[in-house]
Amino acid sequence: MKFLKIMNEFTQKIKVTKDHLDELDHVNNVQYLYWAQEIAKSHWSYLTEKINPVPGVWVVRHHDVLYKLGAYLCDEIIISTYIKSVKGPISERVVNFYNSKNNNKVIVKIISKWCYLSDAKNRKITAIPEFISNLFDPPDSKIK
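The sequence shown runs -11 to 132 under the numbering used here.
Set out below in structure tokens:
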């Protein structure tokens, strides 16, 4: 397993709208999973914006979600993600959600295992190529 420094952290901000809320008037738990998937896709697009064609496809294998605090209408949520480790075809992605109204405390933490496929057509599970893991952790940033 290759553990990576938190080098390529990627962040986005979201303002909570009524559409994000559940019957308890806080952000619906499923909404966090949706946001985690969307930031993962955005992060991947950002890292591969100069690569054509974009290599491989990622699919979720497992989500582990820890809900700590709620978020409410008009709260500003800061979403931060990075790849923690890669091994074979699996990468472990961490997504933290911070609420700017709670002194930027982590309100939700999601750790997801993503599986790398060779392409969308063949869907063959493939070990993550070194040049892909280097996108998450450039060679000059490795801990010696």
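In this text, a Cβ means the ideal position worked out from N, Cα and C, and glycines have one as well.
- Item | Enclosing beta strand (DSSP E) for SER67 [first to last residue] | For the record, residue 67 in the displayed sequence is Ile; it is not Ser. Where ILE67 is concerned, the enclosing beta strand (DSSP E) stretches over 64 to 75.
Nearest-angstrom Cα distance between ASN16 and ALA115?
Those two C-alpha atoms are separated by around 35 Å.
Is the region 4 to 23 in contact with the region 69 to 76, if contact means three or more CB pairs nearer than 8 Å? In short, these stretches do not touch, since the Cβ pair count stays below three.
- May I have the straight-line CA-CA distance separating TYR60 from ASN110, to the nearest angstrom? 42 Å
I'd like to know whether the C-beta atoms of LEU123 and VAL47 end up nearer to each other than 8 Å. no
Would you say GLN19 and HIS8 are within 8 Å of each other, going by their C-beta atoms?
-> yes
| said: Excluding the 5 residues flanking THR36 on each side, which residues of the same chain have their C-beta closer than 6 Å to its C-beta? | reply: VAL42
Buried or exposed: where does ILE131 fall if 16 or more other Cβ atoms within 10 Å of its Cβ makes it buried?
Reliability fails at ILE131, whose pLDDT of 36 lies under 50, so the model's placement of it is uncertain and the value that follows must be treated cautiously. The residue in question, ILE131, is exposed, as its Cβ has fewer than 16 Cβ neighbours within 10 Å.
Exercise. Using beta-carbon positions only, say whether PHE(-2) and HIS31 come within less than 8 Å of one another.
Key: yes
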